[in-house]
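Contents: one structure, followed by commentary.
2 protein chains.
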Amino acid sequence: MVKDTVNKIQSVDAALLQTAQARLDSLTKPKDSLGRLEEFAKQLVAITGQAMPVTGKKVIVTFAGDHGVAAEGVSAFPKEVTREMVLNFINGGAGINVLARHAGADVVVVDIGVDHDFTTDPGVPALHTCDSGGRIGFGKGGTAFITNKVVRGTGNIARGPALTRQQAEQCIQIGMDIVKAYAGQGYTMFATGDMGIANTTPSSAIISVLSGKPAAAVTGKGTGIDDDAFRHKVRVIEQAIAFNKPDPDDAIDVLAKIGGAEIGGIAGVILGCALNRVPVVVDGLISGAGALIAYSIEPRTKDYMFMAHNSVEQGHKAVHEKTGLKPILDLNLRLGEGTGAALAMQLIEAGMKIYREMATFGEAGVSEKAGA
Amino acid sequence: MVKDTVNKIQSVDAALLQTAQARLDSLTKPKDSLGRLEEFAKQLVAITGQAMPVTGKKVIVTFAGDHGVAAEGVSAFPKEVTREMVLNFINGGAGINVLARHAGADVVVVDIGVDHDFTTDPGVPALHTCDSGGRIGFGKGGTAFITNKVVRGTGNIARGPALTRQQAEQCIQIGMDIVKAYAGQGYTMFATGDMGIANTTPSSAIISVLSGKPAAAVTGKGTGIDDDAFRHKVRVIEQAIAFNKPDPDDAIDVLAKIGGAEIGGIAGVILGCALNRVPVVVDGLISGAGALIAYSIEPRTKDYMFMAHNSVEQGHKAVHEKTGLKPILDLNLRLGEGTGAALAMQLIEAGMKIYREMATFGEAGVSEKAGA
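Those sequence lines, one after another, are chains A and B. If you want our numbering, it's the position in the first sequence, counting the first as 1, plus 2. If you want our numbering, it's the position in the second sequence, counting the first as 1, plus 2.
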């Protein structure tokens, strides 16, 4: 079902890159002197197919899910933190809330796989679901909470699959539906984020399988484990791959066997952005694993992605190598949630504003380069 | 006179770094997981001496000046562009206007050495001067224009000094006065910017002398000269240094003999920010040359500086090496005007908002790291 939908993804309009370049070269600055900001503007023109893209609302979609593999002791934090942090998101106190406000972006928190029923918590706003009919949630202070729970925590990948194939497809579909719904509400830039204790473990496992690199080369210390725990984490990832034998040529199989619900949601958002011709800003390691799933399903998604930053997590580099996309920021971040993406959104938007708002040489009466 | 004033510059309050670290570690995120954003917050606490610094108004001070050395054919653009771009700044159409609006910062354009009398131009707003009495200009649409003209273009450094020593000191004093005046009006973050056709030539000359590196190693292609013109530019810089024999141990001598008025103004802003205990975001190559002047006059200025980005201009790296400061962004920028600084201001501010606004583990009821 997912494969049928993603067949509709089109390549970006490369002819528009020349139109965009001509405008950039007419602006009152030396040619190419705004470097990557100019790249961002050109990519936005190509993605949207509009010679002068509008800058509408921005949204960060942060998926939360639990992981059976947490039982193997791969994380520095207890599993309850997934639930606690979702409540922190809803109350506006987490890093992603602060940085989204700073960037002028809304946050949509999606319970796609948390091992907890939030309907029993006091103070949680009325729950909403997002479906293909486009019903979506709007919460307080720029934060919406959506529950589209596919699973109450994944299976422990060290001993079995994370999800069934049907659940994996369902996670992807939820991500695509969310993009469709928000794009229909005037959102023109999306970003991905994650919350899930132990989720660097399935992410590194996915990156290992889809990049062909050994687990030890794409595994990091997550939220802060020590050297012994790190070696254990690598062994758990090796075991998960050996036991489940995911097919590297079938990304949905990889997602189901060694992935996670939030990683599937992220892949779905990326596929959905490509389907809807809107840009998607990909956050750190976990979003990078989702990006590799989306890229493996449909390589054309690459043209719709911006890689927000270069994470401290060493596996992240393999994502950038595999997709050929260069990260925008390098600030030693490793929080996730979409925090790096929120920061990068401001820079991408800066590129668009340069493109739209700067005066041309003619308008400003500024002399051009000698011989130009 | 400048030396007497800068003697009052104090070291930042390093004890406050621990207070700031303790707060950062109490916030709902793994320790150090927001990387350089956390560094920025700590540095702002140490600079201001406040345990919880306020985030007030931001201003980018863009100095404009002409350069006699333009007659040597070192730039791709004609000299008239300095004047034309100042008018573009005043009318809000330049790159710095767009990016300052994006960052929520005001722009102050200072004619410190343009070879043109702007009072004869139609459409230029009422002129203001900034003096030690704190009278400052406020212009339309977030852009103010100040005229504190020290010189109508510098001397040609290939054949003589740029400025007299008195003029060089006067440029520095103007920068310090501007900071004092705007800090008194509630501005809590400053950035430096420049406009001046041919000004990468004196900037590379300054960097060569103060870093001890050969001219060829710190010279770039500026606004876009070809290989022949580049080799000529290197020879002009070598000639300027050989002819003027600036004393590397006397930064004001270096500024006077091979510098420029806007570079002196930038150095003055940096010294002024250190005097007033406010942060200063240093833009690209020309601002970097000003930063080396300020750093050579008083090394304690280093603690008040943020290096905005890593310019395409190769001489910029020598500035970062000499000061030991790591640039924040790397976006292939080479426009100047303060454009890179405007972008970096948003990231520094993001660090401060994380520090001020995130919930603590206790406030949010989130479990801490196992064993923490």
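Where a beta carbon is used, it is the ideal one built from N, C-alpha and C, also for glycine.
With a cutoff of 8 angstroms on beta-carbon distance, B:LYS59 and B:LEU19 are scored as not near each other. Within the stretch 20-37 of chain B, the residues whose Cβ lies closer than 7 angstroms to some Cβ of chain A are THR30, LYS31, PRO32, LYS33, SER35, LEU36, GLY37, listed in chain order.
As a beta-bridge residue in DSSP terms, A:ALA193 pairs with A:ILE62, A:VAL283.
B:PHE79 belongs to the set of residues whose beta carbon lies under 8 angstroms from a beta carbon in chain A. B:VAL56 sits exposed, since fewer than 16 C-beta atoms from the chains shown fall within 10 Å of its C-beta. A residue is called buried once 16 or more other Cβ atoms fall within 10 Å of its Cβ, and A:PRO248 is buried on that count. B:ILE159 carries a coil assignment under DSSP once its states are collapsed to helix, strand and coil. When Cβ-Cβ separations below 8 angstroms define contact, B:GLN12 makes no contact with chain A. According to the DSSP secondary-structure assignment, A:GLY106 is paired through a beta bridge with no residue. Under the Cβ distance rule, A:MET360 counts among the residues neighbouring chain B, one pair being separated by less than 8 angstroms. Bridge pairing for B:ALA146: B:VAL110 [DSSP]. Between A:GLY198 and the set A:ILE180, A:GLY262, A:GLN348, the nearest pair of CA atoms involves A:GLY262. Counting along the chain, A:MET360 sits inside no alpha helix (DSSP H), nor does DSSP assign it H or E at all.
Annotated three-state conformation of A:PHE79 is coil, per DSSP. Every alpha helix (DSSP H) of 4 residues or more that sits fully in the stretch 321-359 of chain B is shown, in chain order, as 341-359. Shown here, B:LEU165 sits in coil according to DSSP, grouped into three states, outside any helix or strand. Counting only runs of at least 4 residues, the stretch 21-54 of chain A fully encloses the following alpha helix (DSSP H) elements, listed from N- to C-terminal order: 37-50. Residues of the stretch 86-101 of chain B that bring their beta carbon within less than 9 angstroms of a beta carbon in chain A comprise GLU86, MET87, LEU89, ASN90, ASN93, GLY94, GLY95, ALA96, GLY97, ASN99, VAL100, LEU101, in sequence order. At a cut-off of 8 angstroms, the C-beta of A:THR225 has a neighbouring C-beta in chain B. The stretch 167-186 of chain A makes no contact with the stretch 219-227 of chain A; the number of CB pairs closer than 8 angstroms stays below 3.
Bridge partners of A:PHE91 according to DSSP: none are assigned. Taking C-beta separations shorter than 8 angstroms and ignoring five residues to either side along the sequence, the partners of A:VAL211 in its chain run ILE243, PRO248, PRO250, VAL256, ILE260, following chain order. Short of 7 angstroms from the beta carbon of B:GLY270, and not among the five residues preceding or following it, lie these beta carbons of its own chain, in chain order: CYS173, ILE174, GLN175, ILE176, GLY177, MET178. Listed along chain A are GLN348, GLU351, ALA352, LYS355, each with a C-beta nearer than 8 angstroms to that of B:HIS104.
The C-beta distance from A:GLU365 to B:GLY95 rounds to 7 angstroms, short enough to fall under 8 angstroms. In the DSSP assignment, B:PHE308 falls within the beta strand (DSSP E) that extends over 307-309.
Leaving aside the five residues that flank B:ALA253 on each side, the residues in its chain whose CB is nearer than 6 angstroms to its CB run, in chain order, ILE295, SER298, ILE299. For A:GLU365, the closest Cβ of chain B is nearer than 8 angstroms.
For A:ASP332, the residues of chain B that pass the 8 angstroms Cβ criterion are ASP332, in the order they occur in the chain. Taking C-alpha positions only, A:SER28 is separated from B:GLU240 by approximately 34 angstroms. Looking from the CA of B:ARG161, the closest CA among B:GLU74, B:THR221, B:MET354 belongs to B:GLU74. Under the three-state reduction of DSSP, A:GLY177 is assigned to helix.
Across the stretch 334-346 of chain A, CB contacts with chain B closer than 9 angstroms involve ASN334, LEU335, ARG336, LEU337, GLY338, GLU339, THR341, ALA344, LEU345, in sequence order along the chain. Spatial neighbours of A:GLY290 in its own chain (CB-CB distance under 6 angstroms, excluding positions within 5 residues in sequence) are listed in chain order as HIS318, VAL321.
Taken through DSSP and simplified to helix, strand or coil, A:GLY115 comes out as strand. Leaving aside the five residues that flank A:LYS151 on each side, the residues in its chain whose CB is nearer than 6 angstroms to its CB run, in chain order, ASP113.
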